[in-house]
Amino acid sequence: MRSGIFCLFENWNQDHQESLKEQIEFIQYAEKLGFDEAWLTEHHFNNFSLCPSPIALLSYALASTSKISIGSAAILLAHYHPIKMAESIATLELLSQGRFLFGIAKGAFPIFDISMGANPDKNRTLMLEANRIIQKLLYEEEVYFQGEFFEINNVSIRPKPQRLIPTYIASESIESIIEAAKEGYGILAGMGASLEKLHFIEENFRTNALEETPFTLALTRAFFVAESHEEAMEEARMAIDIFIQCMNAAKENNPTFVQIIQDTTYERLRSELFDQNAILDQAIIGTPKECIEKIRTLKENLPLSSLILKPATASYKKAKEALRIYKEEIEPLL
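Heads up: the sequence shown begins at 1 in full-length UniProt numbering, then just goes up one per residue.
So this is what it looks like as structure tokens:
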């Protein structure tokens, strides 16, 4: 099981430049500790999670490291032209010497779709079609494609990747799971995904995959460790509460964000997506011994490929200490 970190580029101190700098330094620290992966997300119109430009952030993170794999969790593929995206990720693969992981999603923020003039009801279909084109462009020459959204005529991109770029889909939908199974893609699962939901994903993947196709699951969990359960839970609950409030209630005071939320029914949808109880219920929080037991339970019940930890704290100093304890006291006993 590989170990990873999940990166939101949180703006804890209301300083955009410092927030970006701190997150990159945190990725570098995780690399020094021996973590295998760092996953960067994509959010828009959000004063708390400053990651609207995933290719730029991925490029900088890869250039700032040398060993750790850097993945997108996930690029909102419905908002990018597949030719341009294929060119971008082929370039990332070459510059990083194979350390880039390509995670995609349809997007869970209809507010962004409205501002971009897109139809959120079409996003999943558009995402899957765009990815099919991207995969062809990466590994084939003179690509032709006629789809619902795109028409590609005799296109050969340059540069070409030298290695197969691992592809992941962040989705719980049957349609996306079937696509992942048939094409051999990995699954990105979120902080609130229950064992029941993960078993559902695995069952449907294996039903639709060839026998030799591996089920690659990268699972994200909120994480914090301390000397006592009470101390760990107090720190984590505060950080998760702030995160949920910012993602649900639009307290960032971004005019675009607030206006769209007020004018639509999407506030309810966001509340369903960012479920504080679900995130806490599935979190790995407690003493080192308690964290070991929780991770062992996950490993006993799931074929985990990667465990992606999201430190549940507003302090990078405490987050670094939590990662150190994980590597030195928890991981060796798993």
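Here a beta-carbon is modelled for each residue, glycine too, at the ideal position from N, C-alpha and C.
Tell me, please, which residues DSSP counts as bridged to F6. For this step, residue 6 is matched to residue 6 along the sequence shown. The secondary-structure analysis by DSSP pairs F6 across a beta bridge with W39.
In whole angstroms, what is the alpha-carbon distance linking I89 and A56? Position 89 of the sequence shown holds residue 89. Position 56 of the sequence shown holds residue 56. Their backbone Cα atoms lie some 11 Å apart in a straight line.
Hey, would you say S66 sits closer than 7 Å to E37, going by beta carbons? Indexing the sequence shown from 1 puts residue 66 at position 66. Indexing the sequence shown from 1 puts residue 37 at position 37. In terms of Cβ geometry, S66 and E37 do not form a close pair [threshold 7 Å].
Throw me the rounded Cβ distance for the S19 and F9 pair, which I believe falls under 8 Å. Taking the first residue of the sequence shown as 1, we reach residue 19 at position 19. Taking the first residue of the sequence shown as 1, we reach residue 9 at position 9. With 8 Å as the limit, S19 and F9 qualify as a contact, their Cβ atoms being about 6 Å apart.
DSSP state of residue 337 mapped onto helix, strand, coil: Past the boundaries of the shown model lies residue 337; the chain is included only from 1 to 334, so the question cannot be answered.
Sub-7 Å separation of E129 and G147 beta-carbons: Position 129 of the sequence shown holds residue 129. Position 147 of the sequence shown holds residue 147. In contact: E129 and G147 (Cβ atoms closer than 7 Å).
Quick one: using the 10 Å Cβ neighbour count with 16 as the cut-off for buried, is W39 buried or exposed? Walking along the sequence shown from the start, residue 39 turns up at place 39. Buried, by the Cβ-count rule.
Under three-state DSSP, which class holds F26? As a working mapping, residue 26 is identified with position 26 in the sequence shown. The three-state secondary structure of F26, taken from DSSP, is helix.
Quick one: grab the DSSP three-state call for F200. One-based indexing of the sequence shown puts residue 200 at position 200. Residue state, collapsed to three classes: helix.
Any idea if E42 is buried or exposed, counting beta-carbon neighbours within 10 angstroms, 16 or more meaning buried? In the sequence shown, the residue the question calls residue 42 occupies position 42. When all chains shown are included, E42 counts as buried.
Just confirm the distance between the C-beta atoms of I24 and A61, as a whole number of angstroms; I'd bet it's less than 8 Å. Stepping through the sequence shown from its first residue, residue 24 is reached at position 24. Stepping through the sequence shown from its first residue, residue 61 is reached at position 61. Indeed, because the Cβ distance is near 6 Å, the residues count as touching under 8 Å.
Let me check understanding here. Comparing Cα to Cα, which of L92, A278 and T297 lies closest to P166? To locate residue 166, count along the sequence shown from 1; it is residue 166. For the options L92, A278 and T297, the alpha carbon positioned closest to that of P166 is the one of L92.
Identity of the residue in Q97, I83 and A105 nearest I75 by Cα: The count along the sequence shown starts at 1 and reaches residue 75 at position 75. Residue A105 is the option with its Cα nearest to I75.
Quick one: what's got a C-beta closer than 6 Å to L101's C-beta in the same chain, skipping five residues either side? Counting from 1 along the sequence shown, the entry for residue 101 is found at position 101. When the five nearest sequence neighbours on each side are left out, the beta carbons in the same chain lying within less than 6 Å of the beta carbon of L101 are those of S69, G71 and P166, in order along the chain.
For a quick check, are the C-beta atoms of I279 and G186 less than 7 Å apart? If you number the sequence shown from 1, residue 279 lands on position 279. If you number the sequence shown from 1, residue 186 lands on position 186. In this structure, G186 does not lie closer than 7 Å to I279 by Cβ.
Could you pull out every residue in the same chain whose Cβ sits closer than 6 Å to the Cβ of T264, ignoring the five residues on either side in sequence? Looking up residue 264 in the sequence shown gives position 264. Any reading at T264 must be qualified, since the residue scores a pLDDT of 47, below 50, and its modelled position is unreliable; no value is offered.
Helix, strand or coil: how does DSSP classify S173 here? Counted from its first residue, the sequence shown places residue 173 at position 173. Coil at S173, not helix or strand.
DSSP three-state assignment for N154, whether helix, strand or coil: Locating residue 154 in the sequence shown gives position 154, where the first residue counts as 1. Strand.
Do the segment 281–298 and the segment 225–235 make contact, defined as three or more Cβ pairs closer than 8 Å? A contact exists between the segment 281–298 and the segment 225–235.
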